[in-house]
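Working notes for the structure below.
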Amino acid sequence: MSDTFTPTASKFGVPTGDNTGRGDLLAPKLAYRWRVRAVHFGPISGGTEFTQQVQTCGKPGISYAGITIHSYNSVAYMPGKHTWQPITIVLRDDITNAVQKLVGHQMQKQLNNLEQTGFAAGINYKFTLFIEDMDGSNDGVLQTAVLEGCYLTSVAYSGLDFSSSSVQTITLNVQYDNCTYIDMFPDDPDMISGDVVV
């Protein structure tokens, strides 16, 4: 019996043709390694509690309006204006009310319900979100989705139930003006750098 060992780890990939072999499998991004940072959400100095209490977060999606072009014997199609799809973020409501205060402050920035007044320009109330895919280390970021021009379209607080052991949550629906994917997160969240992925 031969003592020669033939490794098989490189045989789990998919054949790509041209006699290049199968190649190794790439490690997938894990759905539980991530974080969300918010800039200018609520008070200028607020936001850390937001990151600590995010429970679930959607990722950006995009859709394109269709343009139909009629010609001599047929029809052709091309993409029109695009629309970024809203995302949903669920926050755990903590016992210090820190997250609830942040959300309330942001809601007041969008519309002061007491005075029934609002800002004329979006720059006064819109915020930026950084949705980061992490590698499992302390600060290793694989990719960041930068959502600009964000504002809350709805806020929902979970109900109360004597028979439940679940935590109270705050569900935010967020609309944004634009999204850019980058392969890193800058030290200064106000300065975006790195290779643009999308």
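Reminder that position 14 of the sequence shown reads as 13 in numbering that gives the first Met the number 0, one-by-one numbering, no gaps. Note that the Cβ used here is the ideal one computed from N, Cα and C, for glycine as well. Note that the coordinates shown come from a computational prediction; the quantities given were computed from them, not determined experimentally.
- For the stretch 9-77, the full-length beta strand (DSSP E) segments reaching 3 residues or more read 33-38, 53-56, 60-69 along the chain.
- Rounded to whole angstroms, the separation of the alpha carbons of P42 and V154 is 17 angstroms.
- Note that the C-beta distance between E147 and N177 is below 8 angstroms.
- The criterion of a C-beta distance shorter than 8 angstroms is satisfied by H39 and F126.
- Around G22, the same chain offers G12 as residues with beta carbons nearer than 6 angstroms, after the five sequence neighbours per side are excluded.
- Taking C-beta separations shorter than 6 angstroms and ignoring five residues to either side along the sequence, the partners of Y156 in its chain run I169, following chain order.
- Counting C-beta pairs with one atom in each stretch, the stretch 88-99 and the stretch 158-168 have three or more that are closer than 8 angstroms, which means they touch.
- Linking A119 to N112 through their CA atoms gives a straight-line distance of about 15 angstroms.
- In terms of Cβ geometry, Q142 and Y180 form a close pair [threshold 8 angstroms].
- Here the stretch 46-64 makes contact with the stretch 77-86; the two share three or more CB pairs at distances below 8 angstroms.
- Within the same chain, Cβ atoms closer than 6 angstroms to the Cβ of K108 are found at Y124, the five residues on either side in sequence being excluded.
- With fewer than 16 other beta carbons inside 10 angstroms of its own, I122 counts as exposed.
- DSSP, read as helix, strand or coil, puts A120 in coil.
- Rounded to whole angstroms, the separation of the alpha carbons of N137 and I130 is 16 angstroms.
- Sequence-distant Cβ neighbours of R32 in its own chain, meaning closer than 6 angstroms and more than five residues away, are M133, G135.
- For T5, DSSP assigns no beta-bridge partner whatsoever.
- Look at K125 here: in three-state DSSP terms it is coil, with no helix or strand label.
- Under a 10 Å Cβ-count criterion, Q115 is classified as exposed, with fewer than 16 other Cβ atoms of the shown protein chains found around its own Cβ.
- Setting aside the 5 residues that flank it on each side, L110 is surrounded in the same chain by G117, each with a C-beta closer than 7 angstroms to its C-beta; the list follows chain order.
- When secondary structure is reduced to three states using DSSP, L101 falls in the helix class.
- For Q142, the secondary structure class from DSSP, reduced to helix, strand or coil, is strand.
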